[in-house]
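In our numbering, the protein residues as written are 16 to 585.
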Amino acid sequence: MTAEAPEETESPSPELRSLATEADFNVVDIEAPIRELRLADPHEMFTPYQRAFTAALEAKAESAQVVYRLLAALCGIALQPSDRGSPWGPMMTFETGRTAIPEDFRGEQTATISAIVGKVESPGLRARLADIAWSNDRKDGRSAAIAVSAYCGTVTGLLDGSLSTSHGRAEVQEALTFLHRAMQLAKDSTARNKRPPKVAQTFEAMHAATLAAKDIWTFVSIIDLGLDYGLRQPAIAARELEALAGTIPHRTYPIAVKRAWDLAARLYHNLNDKDGRQRCLNAAVHQTLAMRDEVNGSAGAEAGWVMDALQQIRHVEGEEKLEYDLEIELRRLQKAQLKQMGTFQINLHLDGVPEQIAEQFSALELSEALKQFAILGRSPDPKKLREEALKTRTEAPFMSMISVGHLDGEGRTESKSAGASMSGEPEETWFRRIYDQVESPRRARLVRGFVNPARLAIQTKFGISERHFNAIVGMSSLIPESQKPIVALGFTRLFQGDMMSATHLVIPQLEPCLRHVLKINGHDPSKRRDDGTEEDLALGPLLGSSLFRMGGPHAEVECLGALVGQALAK
Numbered sequence: 016m017t018a019e020a021p022e023e024t025e026s027p028s029p030e031l032r033s034l035a036t037e038a039d040f041n042v043v044d045i046e047a048p049i050r051e052l053r054l055a056d057p058h059e060m061f062t063p064y065q066r067a068f069t070a071a072l073e074a075k076a077e078s079a080q081v082v083y084r085l086l087a088a089l090c091g092i093a094l095q096p097s098d099r100g101s102p103w104g105p106m107m108t109f110e111t112g113r114t115a116i117p118e119d120f121r122g123e124q125t126a127t128i129s130a131i132v133g134k135v136e137s138p139g140l141r142a143r144l145a146d147i148a149w150s151n152d153r154k155d156g157r158s159a160a161i162a163v164s165a166y167c168g169t170v171t172g173l174l175d176g177s178l179s180t181s182h183g184r185a186e187v188q189e190a191l192t193f194l195h196r197a198m199q200l201a202k203d204s205t206a207r208n209k210r211p212p213k214v215a216q217t218f219e220a221m222h223a224a225t226l227a228a229k230d231i232w233t234f235v236s237i238i239d240l241g242l243d244y245g246l247r248q249p250a251i252a253a254r255e256l257e258a259l260a261g262t263i264p265h266r267t268y269p270i271a272v273k274r275a276w277d278l279a280a281r282l283y284h285n286l287n288d289k290d291g292r293q294r295c296l297n298a299a300v301h302q303t304l305a306m307r308d309e310v311n312g313s314a315g316a317e318a319g320w321v322m323d324a325l326q327q328i329r330h331v332e333g334e335e336k337l338e339y340d341l342e343i344e345l346r347r348l349q350k351a352q353l354k355q356m357g358t359f360q361i362n363l364h365l366d367g368v369p370e371q372i373a374e375q376f377s378a379l380e381l382s383e384a385l386k387q388f389a390i391l392g393r394s395p396d397p398k399k400l401r402e403e404a405l406k407t408r409t410e411a412p413f414m415s416m417i418s419v420g421h422l423d424g425e426g427r428t429e430s431k432s433a434g435a436s437m438s439g440e441p442e443e444t445w446f447r448r449i450y451d452q453v454e455s456p457r458r459a460r461l462v463r464g465f466v467n468p469a470r471l472a473i474q475t476k477f478g479i480s481e482r483h484f485n486a487i488v489g490m491s492s493l494i495p496e497s498q499k500p501i502v503a504l505g506f507t508r509l510f511q512g513d514m515m516s517a518t519h520l521v522i523p524q525l526e527p528c529l530r531h532v533l534k535i536n537g538h539d540p541s542k543r544r545d546d547g548t549e550e551d552l553a554l555g556p557l558l559g560s561s562l563f564r565m566g567g568p569h570a571e572v573e574c575l576g577a578l579v580g581q582a583l584a585k
């Protein structure tokens, strides 16, 4: 026996057994770590159970170890009833894995949880265990019934004060998640005419509590749930929303009040009540303008809210004067926001590079100088550029999450790029914005340190004119004959320093050149309609499919350089 002792101390206790059995639960006081805390939210029970597990490790109490480890893992699972497809999720996700989810406990462990859940007294813990048991075994109607009842008990406990939360949120806000899950489970696990009366009773209690507290944000969510699960008629819900929203003082949490008006307007619309819908739409516009008043002094933020109000007021009758005034205000704010924008400087670290490039190009003959000029810079690998963009989401998460409006010279929003969440694939508009942020310094360094010094050296030594580029472009098979004179003139203006003319001459030729390249490589850049007429494909599909297949991932970003590069190689 003495020889076996070192082996026991060397082996980590959590690895002794992976399952907590019913026998383990029978010898462990599973609610001891949380009994005095009166917690409602299982997520808040994670830390007490984690501490109890650590203490059990030190005491070498094997049954307590496996039980508390299991309970900590179950309490740490994130619950989001609003996600109907996947209400459960890991507490954290890492590059190499994640924390627990219910599916990790399928089989024997789920059967044990189902067997012992009826003995649990804490409503929050009982609801969590029963819910996970039913989620892993949809035939386990007993666990579903226990979970529904326990969730309702948790809501009641929060409302009457017998249960608490450390989140700092109001009781009705904290209870909303549990009510939602109770209604969800009742709908999914029982027939419509057999749903537990306790669910409707708990809903009414929550409804009364939020109404008494004038918690309009939570009240709208309660009404939404009632509509979704058949516990509120649309006509009654619309009147309740309108009545509560009308009692909230002006400029008190306007975004929440607007949410109530918007839902009431939709309900009246579905009920064919035109007058009710117009009342609510009008009130919603004024709540949007109240949000404008809350950001007074920030022209950009004010302009955003005024634009939202103008979008909404299009559906409101009898407010033509207000709409006209808002149009004038929007133009004033858009111009004012340009004055409030700041600039920042970036050190390009050129350190004598322009002088070296100018000296090198001054020593070259014309043909060699133009060849070297064509390959001064290349676009980065699109795959690496995408990887770098995703890195910024981790390095600067708050900046990445913010959506951005892109303004024109008059302050008008010409486009928007989405923000990016910390999980999932961001939208392409987000990638394009990050690409621009990452590429701008590189392009500036390339132009100022390499392109401009080389261009000036070539122009100073040889005096580039159209006759030079007429010959070069004329030999290119990548440019259609009809576009060659324009392209030659555009590149001449580039070398002569007339960037404005060069831009307007060369860039519009990119699309016809791309179509020409596809044609000579056997790709038809056109589409045929059902009536036999034909037209060219839009540029987007050309870049995203045929050109990519023909030239690989670099084709899109290198196509403009290729128009000149291959010609110079001849």
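Just so you know, even glycine gets a beta-carbon here, dropped at the ideal spot from N, CA and C.
Item to check | As assigned by DSSP and simplified to three states, the class of residue 54 | outcome: Mapped onto the sequence shown, residue 54 falls at position 39. Three-state DSSP puts residue 54 in a strand.
Checklist entry - If you draw a straight line from the C-alpha of residue 262 to the C-alpha of residue 395, how long is it? => result Mapped onto the sequence shown, residue 262 falls at position 247. Mapped onto the sequence shown, residue 395 falls at position 380. Answer to the nearest angstrom: the Cα atoms are 58 Å apart.
Item to check | Touch test, the segment 496-503 against the segment 520-537, Cβ-Cβ under 8 Å, three pairs minimum | outcome: yes
Item to check | Cutoff 7 Å; reference residue 82; Cβ partners in own chain excluding five residues on either side | outcome: Here residue 82 refers to the residue found at position 67 when the sequence shown is read from its first residue. Excluding sequence neighbours, residue 82 sits near 35, 39, 40, 43 and 45.
Checklist entry - From residue 407 to residue 277, what distance separates their C-alpha atoms? => result Against the sequence shown, residue 407 aligns to sequence position 392. Against the sequence shown, residue 277 aligns to sequence position 262. If I take the Cα positions, the gap works out to 36 Å.
Checklist entry - Do residue 110 and the ligand HEM come close, with the Cβ less than 6 Å from some heavy atom? => result The ligand HEM is absent from the structure shown, which contains no ligands of any kind.
Checklist entry - If you compare alpha carbons, which of 110, 112, 111 and 95 is closest to residue 104? => result Here residue 104 is taken as the residue at index 89 of the sequence shown, counted from 1. Of 110, 112, 111 and 95, the residue nearest in Cα terms is 95.
Checklist entry - Are the CB atoms of residue 279 and residue 300 nearer to each other than 7 Å? => result On the sequence shown, residue 279 is found 264 positions in, with the first residue counted as 1. On the sequence shown, residue 300 is found 285 positions in, with the first residue counted as 1. If you check the CB distance, residue 279 and residue 300 do not come in under 7 Å.
Checklist entry - Whose CA, out of 471, 522, 381 and 459, lies closest to the CA of residue 484? => result For this step, residue 484 is matched to residue 469 along the sequence shown. That would be 381, whose Cα lies nearest to the Cα of residue 484.
Checklist entry - Near residue 597, what residues of its chain come up, given a Cβ to Cβ distance below 8 Å and the 5 sequence neighbours on each side ignored? => result Outside the shown range of the chain (16 to 585) lies residue 597, about which nothing can therefore be said.
Checklist entry - With C-beta atoms as the reference, is residue 141 less than 7 Å away from residue 57? => result Locating residue 141 in the sequence shown gives position 126, counting from the first residue. Locating residue 57 in the sequence shown gives position 42, counting from the first residue. Cβ distance not < 7 Å, so residue 141 and residue 57 don't count as in contact.
Next on the checklist: Can you tell me whether residue 61 is buried or exposed? The criterion is at least 16 other CB atoms within 10 Å of its CB, across all chains shown.
Outcome noted: On the sequence shown, residue 61 is found 46 positions in, with the first residue counted as 1. Within a 10 Å sphere around the beta-carbon of residue 61 sit 16 or more other beta-carbons, which makes this residue buried.
Checklist entry - Is there contact between the segment 158-171 and the segment 109-119, where contact requires at least three CB pairs shorter than 8 Å? => result The answer is no - the segment 109-119 does not touch the segment 158-171, with fewer than three Cβ pairs under 8 Å.
Item to check | Which residues DSSP lists as bridging residue 108, in chain order | outcome: Residue numbering aside, residue 108 sits at position 93 when the sequence shown is read from its first letter. Its beta-bridge partners are 113.
Checklist entry - If we ignore side chains and look at the alpha-carbon of each, how far apart do residue 304 and residue 290 end up? => result Residue mapping note: residue 304 aligns to position 289 of the sequence shown, counting from 1. Residue mapping note: residue 290 aligns to position 275 of the sequence shown, counting from 1. Between residue 304 and residue 290, the C-alpha separation is close to 22 Å.
Item to check | Buried versus exposed call for residue 306 [16 or more other C-beta atoms within 10 Å across all chains shown] | outcome: Residue numbering aside, residue 306 sits at position 291 when the sequence shown is read from its first letter. It counts as buried.
Item to check | Euclidean distance between Cα positions of residue 584 and residue 385 | outcome: Residue mapping note: residue 584 aligns to position 569 of the sequence shown, counting from 1. Residue mapping note: residue 385 aligns to position 370 of the sequence shown, counting from 1. Low confidence applies to residue 584: its pLDDT is 39, below 50, so where it sits in the model is not reliable, and the reading given next is rough at best. Residue 584 and residue 385: Cα-Cα distance of roughly 9 Å.
Checklist entry - Just how far apart, CA to CA, sit residue 361 and residue 536? => result Taking the first residue of the sequence shown as 1, we reach residue 361 at position 346. Taking the first residue of the sequence shown as 1, we reach residue 536 at position 521. The straight-line gap from Cα to Cα measures roughly 43 Å.
Checklist entry - Which one of 480, 521 and 524 has the shortest CA to CA distance from residue 507? => result One-based indexing of the sequence shown puts residue 507 at position 492. Selected option, being the one with the closest Cα: 480.
Item to check | Residues near residue 239 in its chain [Cβ-Cβ closer than 8 Å; skip 5 each side] | outcome: Counting from 1 along the sequence shown, the entry for residue 239 is found at position 224. Hits under 8 Å: 278.
Checklist entry - With DSSP run on the structure shown, which of helix, strand or coil describes residue 543? => result To locate residue 543, count along the sequence shown from 1; it is residue 528. Residue state, collapsed to three classes: strand.
Next on the checklist: So, with DSSP's three-state summary, where would you put residue 419?
Outcome noted: The sequence position of residue 419 within the sequence shown is 404, counting from 1. Of the three classes helix, strand and coil, the one that applies to residue 419 here is strand, per DSSP.
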